[in-house]
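S.K.:
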Amino acid sequence: SANFISNELYNISVNTNGDLTVHWNKQNMDVVQSFHYYIGAEGNNKNFLNRSSGAYIFRPKELSARNFAYSGSYKIYKGPVVQELHHTINDWVSQVVRIYPEEKHIEFDWLVGPIPVKDKIGKEIITRYSSNLKTDKTFYTDSNGREMLKRIRNYRSTWNLDLKEPISGNYYPVTSKITLKDKKKQLKLNVLVDRAQGGSSLKDGDVELMLHRRLLKDDAFGVDEALNETAFGEGLVVRGTHYLFGGKVKNMDTFVLKEKELALKLALHPWILGAPINFSSIENI
Amino acid sequence: DKSLEHFREAMGVMQHHDAVTGTEKQLVANDYSRILYKSMDQAGEIISKAIWKWSGMENSTAASSKLFTCLQLNISSCEFSEKSDTFIAVVYNPLSRPVSTYIRVPVQENSYIVQSLTDGVYPTVQIVPIPEAVQKIPGRKNNAINEVVFRTLDIPPLGILVYSIEKIQENVVEQPQ
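Each protein sequence line maps, in turn, to chains A and B. Mapping to the numbering used here: the first sequence position 166 is 166, numbers consecutive. Just add 285 to the spot in the second sequence (first one is 1) and you have the numbering used here.
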């Protein structure tokens, strides 16, 4: 069929408001993936609470992320090696979602930029995976690619937290993986990243990761420059990969082993080198 | 080897916490990437020699051709695969365990045949279009519009697999979208 890609584990399609939906077959688990953006705060940097969002701090101006007006489309390509869904959100946010017959994960190849700033507003782009898992404010992030640390929303284990920044105060470094667990249903959802990103779970069942930022004011922490990287005269374009991986955790060991293998493979992908050759040299090779 | 000196210098300079976290000024960040690129570019020679030696082909005529890295695969761009009708792709596995994964090589045409030069097998190949958004990335100067996708099985730890990829004149049936 032309409007979804699927294998024996998943069925992936785009819903009417342009979000990508993943339904796990034979398991009561669904994920909706969507892109959003925060407006970067701009302060006079006179005192600590009036600092702008910048290279050293993430400080959104509002209490929630904004949605993108969906003006996009999608195309599907199926074949023996890979099934791809080319998903365009608007003219500077798009992604390719891939499933491979031999793999259990879903590959999100996202592309963001150049972030428009003609409106003089700094923007911070996130991707959000919203699932139906009951996670009880808890999520897990890795610590530099090693053990997973338990995180609880609006809570610190060593002091009574009075949170002034309800969003960035719940953001943590995700070096390779962020995980949700539904203890009752014994379901797990992992998002593996190909580079260190900021991430959080601001609502039960949700995971969000910061993909790209373009800000117009320095945050007065010393670099004395706004986080406003450009290339070829336009805002920087970033492209990266997330692997979404999860489901029933029947046998913990294989699940954990598979995750580790996948995380390593994503972070240290094989290199491709090559050279043009003529036919005769193929023969003697 | 002289070219390794450049890597050592680059790693020496980039011990600074700014280089690790990206909190340096823009011009400094540009200089870091210039230093890294220069090191990679000058290491081409030593990479070629190493790979021809590992594969036991250092004395073959093929070893006279320099192997090129594809540093712009992140924008689906690769000099040797777009401009040549026949080329070899060497896949190097940096992990200390065998890895099976998918290889995507940017090309201009839409029908290619791939053969493993390690065991002679012809892996299944699929040609997939490069998304328009990628083709429009500012600064992407090339004409690849498709990618050859195939699966590599068990690339040896810290080892390589070698494939020949050749354009074939076959009218490909456009698959229904």
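We put the beta carbon where it would ideally sit given N, CA and C, even for glycine.
May I ask which residues mark the beginning and end of the beta strand (DSSP E) holding A/F108?
M.R.: 106–112
S.K.: Does B/E309 have its Cβ less than 9 Å from a Cβ in chain A?
M.R.: yes
S.K.: Which residues of chain B have a Cβ atom closer than 7 Å to the Cβ of A/F108, listed in chain order?
M.R.: Residues of chain B passing the Cβ test: none, with the nearest at roughly 13 Å.
S.K.: Assuming A/K61 and A/A41 form a contact by the criterion Cβ under 8 Å, report the distance between their Cβ atoms to the nearest whole angstrom.
M.R.: 4 Å
S.K.: B/L321 CB to nearest chain A CB: under 9 Å?
M.R.: no
S.K.: Quick one: is A/P214 buried, meaning 16 or more other Cβ sit within 10 Å of its Cβ, or exposed?
M.R.: Reading off the sequence shown, one finds Arg at residue 214 of chain A, where the question assumed Pro. Counting Cβ neighbours within 10 Å, A/R214 comes out buried, since at least 16 surround it.
S.K.: Tell me, to the nearest whole angstrom, how far the beta carbon of A/Y129 is from that of A/Q33; I am working on the premise that it is less than 8 Å.
M.R.: 5 Å
S.K.: Measuring CB to CB, does A/R98 end up less than 9 Å from A/L85?
M.R.: Between A/R98 and A/L85, the CB-CB gap stays under 9 Å.
S.K.: So is B/I270 buried or exposed if we call it buried at 16+ other beta carbons inside 10 Å?
M.R.: The requested residue 270 of chain B does not occur in the structure, where chain B is confined to residues 286 to 462.
S.K.: Please say whether A/N190 and A/E259 have beta carbons closer to each other than 9 Å?
M.R.: yes
S.K.: Please identify the residue among A/E8, A/K265, A/L63, A/D218 whose C-alpha is closest to the C-alpha of B/S381.
M.R.: Answer by Cα proximity: A/K265.
S.K.: Roughly how many whole angstroms lie between the Cα atoms of A/L236 and A/Q95?
M.R.: 16 Å
S.K.: Got a sec? Which residues, its chain only, sit under 6 Å from B/N431 by beta carbon, not counting five neighbours each side?
M.R.: V392, N395, I412, P414
S.K.: State buried or exposed for A/E261, treating a residue as buried only when at least 16 other CB atoms are found within 10 Å of its CB.
M.R.: exposed
S.K.: Could you tell me if A/I272 is buried or exposed, where buried requires 16 or more neighbouring beta carbons within 10 angstroms of its beta carbon?
M.R.: When all chains shown are included, A/I272 counts as buried.
S.K.: Would you list the residues sitting across from A/T141 in a DSSP beta bridge?
M.R.: Looking at the DSSP assignment, A/T141 forms a beta bridge with A/L149, A/I178.
S.K.: Answer with yes or no whether the minimum CB distance from A/I115 to chain B is below 9 Å.
M.R.: no
S.K.: Mind listing, in chain order, the continuous alpha helix (DSSP H) runs of no fewer than 4 residues lying wholly within the stretch 349–403 of chain B?
M.R.: Entirely contained in the stretch 349–403 of chain B, the alpha helix (DSSP H) runs reaching 4 residues are, in chain order, 364–368.
S.K.: Using the beta-carbon count (16 or more within 10 Å), is A/T16 buried or exposed?
M.R.: exposed
S.K.: Going along the stretch 395–412 of chain B in order, which residues come within less than 9 Å of chain A, judged by CB to CB distance?
M.R.: Q400, L402, P408, T409, V410, Q411, I412
S.K.: Taking only beta-carbon atoms, is B/T378 less than 9 Å away from chain A?
M.R.: Here residue 378 of chain B is Asn; the residue named in the question, Thr, does not match the sequence. By this cut-off, B/N378 is an interface position.
S.K.: Check the C-beta distance from A/F68 over to A/F35 and give it rounded, since I have them as a contact under 8 Å.
M.R.: The C-beta distance from A/F68 to A/F35 rounds to 6 Å, short enough to meet the 8 Å contact threshold.
S.K.: Whole angstroms are fine: how far does the CA of A/E165 sit from the CA of A/N44?
M.R.: 17 Å
S.K.: Would DSSP call B/T346 helix, strand or coil?
M.R.: helix
S.K.: Between the stretch 444–451 of chain B and the stretch 117–128 of chain A, do at least 3 Cβ pairs fall closer than 8 Å?
M.R.: no
S.K.: In the DSSP assignment, find the unbroken alpha helix (DSSP H) run with A/I297 in it and report its ends.
M.R.: Since the first residue shown for chain A is 1 and the last is 285, residue 297 of chain A is missing from the structure and cannot be characterised.
S.K.: Does any CB atom of chain A fall closer than 9 Å to the CB of B/I430?
M.R.: No, its Cβ sits nowhere closer than 9 Å to a Cβ of chain A.
S.K.: Using a Cβ-Cβ cutoff of 8 Å, what residues of the stretch 336–353 of chain B are near chain A? List them in chain order.
M.R.: I336, M342, S345, T346, A347, S350, K351, L352, F353
S.K.: Please state whether the Cβ-Cβ distance between A/I106 and A/V22 is less than 9 Å.
M.R.: Yes. Within cutoff.
S.K.: Among B/I398, B/I336, B/Q357, B/N359, which has the Cα closest to the Cα of B/S349?
M.R.: B/I336
S.K.: Assuming A/V238 and A/H212 make a contact with CB atoms under 8 Å, what is their CB distance in whole Å?
M.R.: Contact between A/V238 and A/H212 holds, with the beta-carbon distance rounding to 5 Å and staying under 8 Å.
S.K.: So, does the stretch 225–235 of chain A touch the stretch 192–211 of chain A, judging by three or more C-beta pairs under 8 Å?
M.R.: In the pairwise beta carbon analysis, the stretch 225–235 of chain A is classified as not touching the stretch 192–211 of chain A: fewer than three pairs are separated by under 8 Å.
S.K.: Of all Cβ atoms in chain A, is any one closer than 9 Å to the Cβ of B/A304?
M.R.: no
S.K.: Shortest alpha-carbon distance to B/L312 belongs to which of A/T135, A/G18, A/D224?
M.R.: A/D224
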